[in-house]
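Just so you know, the sequences run in chain order A and B. Going by my numbering, the first sequence opens with residue 15, and the numbers climb by one from there. Going by my numbering, the second sequence opens with residue 4, and the numbers climb by one from there. Ideal Cβ positions, reconstructed from N, Cα and C, are used throughout, including at glycine.
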Amino acid sequence: MDSTTDQRLRLILSDVLGLSPDRVAGFSAETGLFGHLPELDSMAVAGLLTEIEDRLDIVIDDDEVDGEMLGSFGSLRNFVEAKRKRT
Amino acid sequence: MTPALWPAPRVQGGHTEELALICDAGRAHRLLIVPALFDAANRMRRFTIEVMRRLDGAGIDCFLPDLPGCNESLAAPAEQTPSSWRAAMAAAAAHFRASQVLAIHGGALLAPSHLPGWQYAPANGAGLLRAMLRARILSAREAGRNETQEQLLAQGGTEGLELSGYRLSAAFLTEFQMLEVATSQQRVISQEELGGAGLWLRAEPGESREQADALAAIIAVSLTSAAA
Chain A
15 MDSTTDQRLR LILSDVLGLS PDRVAGFSAE TGLFGHLPEL DSMAVAGLLT
65 EIEDRLDIVI DDDEVDGEML GSFGSLRNFV EAKRKRT
Chain B
4 MTPALWPAPR VQGGHTEELA LICDAGRAHR LLIVPALFDA ANRMRRFTIE
54 VMRRLDGAGI DCFLPDLPGC NESLAAPAEQ TPSSWRAAMA AAAAHFRASQ
104 VLAIHGGALL APSHLPGWQY APANGAGLLR AMLRARILSA REAGRNETQE
154 QLLAQGGTEG LELSGYRLSA AFLTEFQMLE VATSQQRVIS QEELGGAGLW
204 LRAEPGESRE QADALAAIIA VSLTSAAA
């Protein structure tokens, strides 16, 4: 696991969801995101992805976004790490 | 802080009556505030008004007009373009005799260029549009419909598009996606200067006393030291 990506992703989630850094630091790979956090509707997901693109310097195709990729913190982190390795 | 009406010019001629929230005590500094756009406007409205309260307390008159078609406006969003919005903000500046402007986020695209002032966290049209298109694509997918950015932009370019609950015309979309924040006599205030994360990012409308304090302080210090 790439610790920089992990930390930056936690910071973005904290910024977008308005959660305290402590709470986001407590996220495990299994912590549910989309479908588990009521704040994370489609508008919020769009904002989240755009922010991830800007701050982690990747491009996310809309086709790649699905319930699985956003289902948990671990799956989102895996997706972003795979993207960053490719670029 | 009181509500007031002001006349916004219509492209077709005539005008619509629009709402503004104002703190007007006839003081020397009269600050027009151009709000953030669309969904960001809702998420940042409380923050914007908190900044106004602080500026009022610091002896600065503030005027926050609605963009026609947004917030309390009865005008049709489909009749608006970035140009008509810019004309409306120029009309509001004249009506309220603004001496400076503070543009918030996407509102920087519409700030009257003849006024000195500030652009807080300015954003370009293409980036704002991309996030709105993405939100529409994701919610369409949840409803079992498959849409793409290319297809939506092509459709929007001929017949207009509904984005974030706003019916936007082809003319609006064509102009908006090309719109970039102009370098001007207005100073850019970055999010770093306020600390924390921008409230337009928040999934739900939020507030931040610290950020409102910081933004109001930058403006109040600049205006009062210029007068001294």
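Review point. Tell me, which residues are paired with residue 66 (chain B) by DSSP?
Key: B:25, B:35
**Study point:** Same chain, Cβ closer than 6 Å to residue 62 (chain A), five either side skipped, listed in chain order
**Key:** 30
**Study point:** Cutoff 8 Å: residue 206 (chain B) Cβ touching any chain A Cβ
**Key:** yes
Review point. Any beta-carbon of chain B closer than 8 Å to the one on residue 64 (chain A)?
Key: yes
Check your understanding: Span of the beta strand (DSSP E) holding residue 170 (chain B)?
Key -> 169 to 171
Practice item. Indicate whether at least one CB of chain A lies closer than 8 Å to the CB of residue 212 (chain B). Key: no
Practice item. Mind checking which residues open and close the beta strand (DSSP E) that includes residue 190 (chain B)? Key: 189 to 192
Exercise for review: Using DSSP bridges, identify the partner residues of residue 12 (chain B).
Suggested key: B:18
Practice item. Return the residue from the list B:56, B:200, B:38 that minimises the CA-CA distance to residue 68 (chain B). Key: B:38
Practice item. Would you check if the segment 124 to 131 of chain B and the segment 59 to 79 of chain B touch, i.e. whether three or more CB-CB distances between them fall below 8 Å? Key: No: the two stretches stay apart, fewer than three of their Cβ pairs being nearer than 8 Å.
Point to revise | 8 Å Cβ shell around residue 19 (chain B) - same chain, five flanking residues per side excluded | key: 10, 11, 13, 71, 76, 77, 78
Point to revise | Sub-8 Å separation of residue 23 (chain A) and residue 94 (chain A) beta-carbons | key: yes
Review point. Do we get a CB-CB distance below 8 Å when we pair residue 60 (chain A) with the residues of chain B?
Key: yes
Review point. Any residues in the segment 159 to 178 of chain B with a beta carbon nearer than 8 Å to a beta carbon of chain A? Which ones, in chain order?
Key: 167
Review point. Using the C-alpha atoms, what's the distance from residue 141 (chain B) back to residue 214 (chain B)?
Key: Using only the alpha carbons, I get a separation of about 31 Å.
**Study point:** chain A contacts from the segment 127 to 146 of chain B (Cβ-Cβ distance under 9 Å)
**Key:** 130, 133, 134, 135, 136, 137, 138, 139, 140, 141, 142, 143, 144, 145
Exercise for review: Answer with buried or exposed for residue 113 (chain B), where buried requires no fewer than 16 other C-beta atoms within 10 angstroms of its C-beta.
Suggested key: buried
Exercise for review: Identify the continuous alpha helix (DSSP H) that holds residue 66 (chain A) and give its terminal residues.
Suggested key: 56 to 70 is the extent of the alpha helix (DSSP H) around residue 66 (chain A).
**Study point:** Beta carbon proximity, residue 42 (chain B) to chain A, threshold 8 Å
**Key:** Answer yes: the Cβ-Cβ gap between residue 42 (chain B) and chain A drops below 8 Å somewhere.
Review point. How far does the alpha helix (DSSP H) with residue 120 (chain B) in it reach, from first residue to last?
Key: Careful: residue 120 (chain B) lies outside any alpha helix (DSSP H), inside the beta strand (DSSP E) at 120 to 123.
Practice item. Report back the beta-carbon spacing between residue 182 (chain B) and residue 85 (chain B) to the nearest angstrom; my notes put them in contact at under 8 Å. Key: 6 Å
Exercise for review: With residue 106 (chain B) as the anchor, note down where its beta strand (DSSP E) starts and where it stops.
Suggested key: 103 to 107
Review point. So who's on the other strand from residue 28 (chain A), going by DSSP bridges?
Key: Residue 28 (chain A) pairs with nothing; no bridge assigned.
Check your understanding: Which residues in chain B sit within 7 Å of residue 102 (chain A), going by Cβ to Cβ distance?
Key -> With chain A covering 15 to 101 only, the question about residue 102 (chain A) has no answer from this structure.
Practice item. Starting from the Cα of residue 68 (chain A), find the closest Cα among B:126, B:92, B:107, B:106 and give me that residue. Key: B:126
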